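Take 37 as the starting number for the sequence shown in this note's numbering and just add one per residue.
Cβ atoms here follow ideal geometry from the backbone N, Cα and C, with glycine treated the same way.
All figures in this text were calculated on a predicted structure; none of them were measured in a lab.
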Amino acid sequence: MHRGKGMRFVGDSRINADRKPNIPKDYSEYPGKTEAFWPNFLLKEWLVGAVFLVGYLCLTAAHPSPLERIADPTDTSYIPMPDWYFLFLYELLKYTYSSGPYQVIGLAIPGVAFLALLLAPFIDRGPKRRPLDRPLATVFMLLAVCAIFYLTWEAAAHHDWKKAKEQGKIVKQVSIDKNAEGYKVFAKQTCVTCHGENLQGSAAAPSLVGTGLSADEIAKIAKKGKGKMPPNQFKGSDQDLKKLADYIAGLKSK
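Spelled out as structure tokens, the structure:
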């Protein structure tokens, strides 16, 4: 048969000789199942994003982030608390096997978990996507979620939130004259340990700024104690006690 008279030249029998160019069909050929990416789909995405953004801004304005006082390195009674998304790590480091001499293990456990999460697409390369068809991946995922939920719950349940609120309470600043005679007496005593270098107080002791007490009342407390403060904490002379009481009584917050 002469060329061009019914003969077809096909290099591979698996390829259709009447194959058409690989051009995707238009979205209009699938009514109700798809839509144009621009502008239909993008417009919907932007609208949903705008709703969440406005909602987040309204929540931030209605409930501002709680702030605490300026960090004081001399306050050894302050117990820091991480944000909620780190609470499970905070609780994990409380256990014996992950703290103290075993702290490396406590830090390695979440490190290995996150490394496995990063390598998951390269390790599990099977075509199946149903959870029941991937038992190992599903079990490990459920264990990780349950562990994080349990540790976060334990950290929040056993934290003294009332005490934390007191120790982080913002105290109005006052100008402290550290060259005053009363402050020098204060610095020589053990008062700094509980009340802080700037008399701002801590979780173990209240602030000495703007107490509203008279000098005599302050001197009485220094001798006899009050609340958690035991008696006989002041170890100086009566003259030094008077200087200290007058100094504290004169401190006024701004």
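- Counting along the chain, the unbroken alpha helix (DSSP H) around Lys224 starts and ends at 217-224.
- Apart from the 5 residues on each side of it in sequence, Tyr131 sits with its Cβ closer than 8 Å to the Cβ of Gly142 in its chain, given in chain order.
- Here the region 108-128 makes contact with the region 182-191; the two share three or more CB pairs at distances below 8 Å.
- Contact between the region 147-156 and the region 215-232 is absent: fewer than 3 CB-CB pairs across the two stretches fall below 8 Å.
- Measuring C-alpha to C-alpha distances from Ile184 to each of Lys164, Glu127, Gly232 identifies Glu127 as the nearest.
- Residue range 78-98 is occupied by the alpha helix (DSSP H) that includes Val84.
- Uninterrupted alpha helix (DSSP H) stretches at least 4 residues long and entirely within the region 99-132 occur at 123-128, given in chain order.
- Taking the CA atoms as reference points, Glu253 sits about 10 Å from Lys259.
- In this structure, the straight-line span from the alpha carbon of Pro118 to that of Ala200 is close to 12 Å.
- In this structure, the beta-carbon distance from Glu217 to Lys279 falls below 9 Å.
- Restricting attention to Pro266, Leu244, Gly263, Ile257, the CA atom closest to the CA of Leu287 is found in Leu244.
- For the 9 Å CB-CB criterion, Thr226 and Gln275 do not form a contact.
- Annotation: Ile206 is outside any alpha helix (DSSP H) and is labelled neither H nor E by DSSP.
- Per DSSP, the beta bridge partners of Met265 are Lys262.
- A direct Cα-Cα distance of roughly 15 Å separates Ser250 from Gly261.
- Contact between Thr112 and Val228 is absent: CB atoms are separated by about 11 Å, not below the 8 Å threshold.
- When DSSP states are grouped into helix, strand and coil, Asp196 belongs to the coil group.
- The continuous stretches of alpha helix (DSSP H) do not include Tyr138, and DSSP gives it neither H nor E.
- Between Ala149 and Ala173 the beta-carbon gap is near 13 Å, outside 8 Å, which marks them as no contact.
- For Val140, there are no CB contacts under 8 Å within the same chain when 5 residues up- and downstream are skipped.
- Taking all protein chains in view, the Cβ of Cys94 is surrounded by fewer than 16 other Cβ atoms within 10 Å, so the residue is classified as exposed.
- For the region 145-181, not one full-length alpha helix (DSSP H) segment reaches 4 residues or more.
- Gly136 and Ile145 have their alpha carbons spaced roughly 15 Å apart.
- Close CB contacts of Ala281 within its chain, under the 6 Å cut and outside five residues either way in sequence, are with Ala251, Ile254, Ala255 (chain order).
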